[in-house]
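Step one of this worksheet: look at the structure below.
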Amino acid sequence: MKAKLSLLSAAVLTASLALSPVVSQAALPHSVNGQTLPSLAPMLEKTTPAVVSVAVSGTQVSKQQIPDMFRYFFGPNAPQEQVRERPFRGLGSGVIIDADKGYIVTNQHVINGADNIQIGLYDGREIEAELIGEDAESDIALLKIDADNLTEIKQTDTDSIRVGDFAVAIGNPFGLGQTVTSGIVSALGRSGLGIEMLENFIQTDAAINSGNSGGALVNLNGELIGINTAIVAPTGGNVGIGFAIPANMVNNLVGQIIEHGEVRRGVLGVAGRDLDKQLAEAFGLDSQHGAFVNEVVPDSAADDAGIKAGDVIISVNGKKIKSFQELRAKVATMGAGAKVKFDLIRDGDKESVKATLGAADSVEKASGGIHPMLDGATLQDGSNGIEITEVANGSPAARSGLQKGDIITGINRTKASNLKTLKSLLKDTEGTVALKIKRDRTSLYLVLR
């Protein structure tokens, strides 16, 4: 059976919110022959109060285009769309990262579209949470509650973790109540899974299941190393392959949300691909890990730093990277204005450069005033143009012919390399507009009226 990647929030109508850890009731000896038995209990007694349950509810709105042949029967003022509303409820997990301010981090997909967010604390209290900010591309959301006597989780530098380190997952699977499982770090820098736009996952075999989304992955010191996010689930349950967002990446994103109210993504200004065996052999390289640079955007942070096409970036701030996706995720989550050191290989020699990351416009709905026929498309600045990251079914953008993955490169005969330019060009253009699109390996024009 083909394995499926699954996000972990449990969508349920009713579920227990009991928060006591699942433990055996059998009395076990604490020592044998005078020697104390190893146990995770002392660490967990200090750590588990920092992990909470997240219960959400809201209304899901769906729109369906009404065919013209049916609208005819309802007269000239008949609506173009049929709107349906359906209530939903769901469960996930969260982690208290600041006890004084009441900040809780969870996955964006846990709270996406929720009208009400209830936090279940370890001591049984239930408190309504406020959404401070969210980032769908990295799947991180920051919540805030007003409560006393909270316990925050300890932090650590996750760039120092290694494959084989012990890992403990804490969360609220299936609405059963707080549950603890253990395993090891199975792999680092996992990307290309198609779960999120920005992927740089820690892989673990600690048992995690639906409802664990937003929960904590900690080391044996009880320090946060990741936020549990997704699993490989051929049967819908745990098979020993789970993924967590590294805590360093989470901290970067949360810091931007707290400071700016949103994520201000960093941009290096390169296009590229993973360094594979064939490329390594062609360039005479021993390593097969790194990010191969195909193109450098003029006047970008990479261009200013002296990065060139053909370079292979092998580390970021002294930490090795495995793929272009990992490079992209690290750069984007560091934030605009961050000063970053890159180690690279050029013509067989190792070099180091320093770059100050540029700023990317926030992802926005085209209905925010860019053009009526782009309504329903989500656009984002990319290295080669304006990327279409989502297109809503039945939307004007979909009817215009736009597809997810398209890259807008120009308007009529004028180049448009970013959202700011696109807005300006469309604002100054009247009547019919020819939108130049790059789709896969072909270029085409879509006409907007």
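Just so you know, the sequence shown maps onto residues -26 to -1, 1 to 423 in mature numbering (1 follows the signal peptide of the UniProt record, and there is no 0).
Every residue, glycine too, gets a C-beta built ideally from N, C-alpha and C.
Computed from a predicted model, the values in this text were never measured in an experiment.
{"Asked": "Buried or exposed, going by whether 16 or more other CB atoms sit within 10 Å of the CB of Q34?", "Found": "exposed"}
{"Asked": "Output yes or no for whether 9 Å exceeds the beta carbon distance between V137 and G68.", "Found": "no"}
{"Asked": "Distance, Cα to Cα, K(-25) vs L167?", "Found": "Residue placement at K(-25) is flagged as unreliable, the pLDDT there being 42, under the threshold of 50; the coordinate-derived value follows with that caveat. When rounded, the distance between both Cα atoms is 14 Å."}
{"Asked": "How big is the Cα-Cα spacing for L(-14) and G145?", "Found": "At L(-14), the pLDDT of 33 sits below 50, so the modelled position is not reliable; the number obtained from the coordinates is stated separately. If you take the alpha carbons of L(-14) and G145, they lie about 19 Å apart."}
{"Asked": "How many angstroms separate the CA atom of E197 from the CA atom of G240?", "Found": "27 Å"}
{"Asked": "Who are the Cβ neighbours of A372 in its own chain at under 7 Å, not counting the five residues just before and after it?", "Found": "G350, V365 and A366"}
{"Asked": "Which residue comes first and which comes last in the beta strand (DSSP E) that contains residue 495?", "Found": "Nothing can be reported for residue 495: it is not among the residues displayed for the chain, which extend from -26 to 423."}
{"Asked": "Per DSSP, what kind of secondary structure is F257 in: helix, strand or coil?", "Found": "coil"}
{"Asked": "Using C-beta distances below 6 Å, list every residue in its chain close to residue 425, excluding the 5 sequence neighbours before and after it, in chain order.", "Found": "Here the chain comprises residues numbered -26 to 423, so residue 425 is not present and cannot be evaluated."}
{"Asked": "Closer than 8 Å by C-beta to R164: which residues in its own chain qualify, once you throw out the five before and the five after it? Chain order, please.", "Found": "E173, N174, F175, I176, Q177 and F217"}
{"Asked": "Among M17, A276, G379 and P220, which one has its Cα closest to the Cα of T80?", "Found": "P220"}
{"Asked": "If you drop the 5 nearest sequence neighbours on each side, which residues of the same chain put their C-beta closer than 8 Å to that of S156?", "Found": "L14, F140, A141, V142, A143 and A180"}
{"Asked": "Between which two residues does the alpha helix (DSSP H) harbouring K118 extend?", "Found": "That residue, K118, is in no alpha helix (DSSP H); its beta strand (DSSP E) goes I114 to K118."}
{"Asked": "Going by Cα to Cα distance, which pick from V84, M17 and K75 is closest to S31?", "Found": "V84"}
{"Asked": "Would I232 and L116 be called neighbours here (beta carbons separated by less than 9 Å)?", "Found": "yes"}
{"Asked": "Compute the distance between the beta-carbons of A329 and A245, then report whether it is under 9 Å.", "Found": "no"}
{"Asked": "Anyone know if the C-beta pair for I319 and G264 falls short of 9 Å?", "Found": "yes"}
{"Asked": "Is it the case that the Cβ atoms of G76 and D120 are separated by a distance below 9 Å?", "Found": "yes"}
{"Asked": "Considering only residues of the stretch 77 to 126, which uninterrupted alpha helix (DSSP H) runs meet the minimum length of 4 residues and lie entirely inside it, listed in chain order?", "Found": "82 to 85"}
{"Asked": "Just to confirm my understanding: we take D248, look at its own chain, exclude 5 residues before and 5 after, and list those with CB closer than 6 Å. What are they?", "Found": "S297 and F298"}
{"Asked": "Can you pull the DSSP bridge partners for T416?", "Found": "R413"}
{"Asked": "Alpha carbon to alpha carbon, what distance is there between L253 and L262?", "Found": "The identity of residue 262 in the sequence shown is Gln, whereas the question assumes Leu. Roughly 8 Å separates the two Cα atoms."}
{"Asked": "Does DSSP put D323 in a helix, in a strand, or in coil?", "Found": "strand"}
{"Asked": "Tell me the rounded alpha-carbon separation between D285 and V267.", "Found": "5 Å"}
{"Asked": "Within 10 Å of its beta-carbon, does S184 have 16 or more other beta-carbons around it, so buried, or fewer, so exposed?", "Found": "buried"}
{"Asked": "Fully enclosed by the stretch 365 to 392, which beta strand (DSSP E) runs are 3 residues long or longer?", "Found": "381 to 385"}
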